[in-house]
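In our numbering, the protein residues as written are 256 to 576.
Glycine included, C-beta positions come from ideal geometry on N, C-alpha and C.
Being a predicted model, the structure only gives us computed values, none of them experimental.
Step one of this worksheet: look at the structure below.
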Amino acid sequence: MQLNREDLLRAYRTMRLIRDFEERLHVEFATGEIPGFVHLYAGEEASAAGVCMHLGDKDHIASTHRGHGHCIAKGCDVSGMMNEIYGRKDGLCGGKGGSMHIADISKGMLGANGIVGGGPPLICGAALTAKVLKTGGVAIAFLGDGASNQGTTLESYNLASIWKLPAVFVVEDNGYAESTAASYAVAGSQSDRAKGFGMPSQVVDGFDFFAVHEAAGAAIERARAGEGPSLIHVQLSRYYGHFEGDGMTYRGPGEVDRLRADVDCLKRFRTKVTEAALLEASELDAIDRAVADQIDTSVRTAKSAPPPTEADLLTDVYVAY
């Protein structure tokens, strides 16, 4: 997929929207007004944006507990997301799911998931549906290095391969499963694991939007063509702790500062497109300002929005056929 000028602007806006959404939540969570846990995606924006640029509403994704970035990249309404995180009635899930369980089926977003390794089986179901009904859709599972060790994930690799499902497994390896280093807990390589199931795989620099976009495009095109699943091992890092309140004592001194200074995916994107004269810095600055205003509005709206009522308690429990 060749990226034109509008594509580049959209990619930057998606990454900036994710970054500002997460940075603002980091500030707001400290006030105590947001219920439940929050796991921030800041630093990993190129992965969600690079993959989801290839997707439409007929395609499905399943996320992790760190799901805000995937939601935004898949097109979920930012105000609805903020309302959900604040536990408001107008949230995407009626204020009942919160940060870890945001979903929007109309956008093909099957949900963030508090179960480690819970997403891969879901996308096998979505991919099977797409194959049987011949919708042309694909299904993407975002999972972490910790989830890569779960039996659910390995079973999903197997199932997707033997049924030749239109599925892509995106392992977002940020180096830590909670506070456990992947170098300590993950044997071998993600790429070699894929080979064991007959899947092609690729290792990608997750700080480079263009690298992720290219790898995802090839894997998704292969899936749409009926050639079966693929795995993409995206190597990246998060700026914040596993959850808000995590002291990150397991990370080395200055580690995050070096990441922000040297491999920030937004800085890299800006440098590449401006030096190549594909976009003007002023255009990117305008996006920065517009996104900041959008985030301000979403927070202000969420803080003043009503919570669910007692009458809402038993709704959304059973499906009516």
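Could you round the C-beta distance between residue i and residue j to whole angstroms and report it? I think they count as a contact, below 8 Å.
i	j	result
F462	C520	5 Å
R493	E299	6 Å
L514	R525	Not quite, the Cβ-Cβ distance comes to about 16 Å (not below 8 Å), so this is no contact.
L420	L383	6 Å
A301	M270	7 Å
D428	V489	6 Å
G305	V467	3 Å
V423	I340	Not confirmed; about 27 Å, so no contact.
V282	F498	So it is not a contact: roughly 16 Å between Cβ atoms.
A317	L377	4 Å
L263	E277	Their Cβ separation, rounded to whole angstroms, is 22 Å, which puts L263 and E277 out of contact at 8 Å.
P563	G291	The pair is not a contact, with the Cβ atoms about 14 Å apart (cut-off 8 Å).
Y412	M454	7 Å
G253	H320	The structure shown does not extend to residue 253, since the chain is modelled only from 256 to 576, so the question has no answer here.
Y267	I475	21 Å between Cβ atoms; not a contact.
Quick check on residue i: buried or exposed, where buried means 16 or more other Cβ atoms within 10 Å of its Cβ?
i	result
V387	exposed
G373	buried
K362	buried
R448	buried
M364	buried
I417	exposed
L568	exposed
S485	buried
N259	exposed
V572	exposed
Q257	exposed
E204	No answer is possible for residue 204: it lies beyond the span of the chain, which begins at 256 and ends at 576.
E482	exposed
K329	buried
R544	exposed
D314	buried
V546	buried
G366	buried
V441	buried
G352	buried
V425	buried
T286	exposed
I360	exposed
P375	buried
T570	exposed
S578	Because residue 578 is not part of the residues shown, which for the chain are 256 to 576, the question remains open.
Considering residue i, what are the terminal residues of the beta strand (DSSP E) in which it resides?
i	result
V489	S485 to Q490
I395	A394 to G399
I316	H315 to A317
Please list the terminal residues of the continuous alpha helix (DSSP H) segment that includes residue i.
i	result
L377	G374 to L388
H199	Outside the modelled stretch of the chain, which goes from 256 to 576, sits residue 199, for which no answer is possible.
I196	No answer is possible for residue 196: the residues shown for the chain start at 256 and end at 576.
A304	E300 to C307
H281	R260 to F284
E510	E510 to D517
I370	Per DSSP, I370 belongs to no alpha helix (DSSP H) and is neither H nor E.
A415	G406 to I417
M337	V333 to I340
Per the contact definition of three or more C-beta pairs closer than 8 Å, is the stretch 553 to 570 in contact with the stretch 342 to 350? yes
Run through the stretch 420 to 481 for me and flag every whole beta strand (DSSP E) of 3 or more residues, listed as ranges in chain order. Complete beta strand (DSSP E) runs here, min 3: 422 to 428 and 456 to 460.
Could you say if the stretch 423 to 440 and the stretch 394 to 412 meet the contact criterion of at least three C-beta pairs nearer than 8 Å? With the cut-off at 8 Å, the stretch 423 to 440 and the stretch 394 to 412 touch.
Give a yes or no on contact between the stretch 390 to 398 and the stretch 330 to 338, applying the rule of three or more CB pairs nearer than 8 Å. Segments in contact, no.
In the stretch 495 to 568, which residue ranges form an unbroken alpha helix (DSSP H) of at least 4 residues, counting only runs that do not cross its ends? 510 to 517, 520 to 530 and 536 to 559
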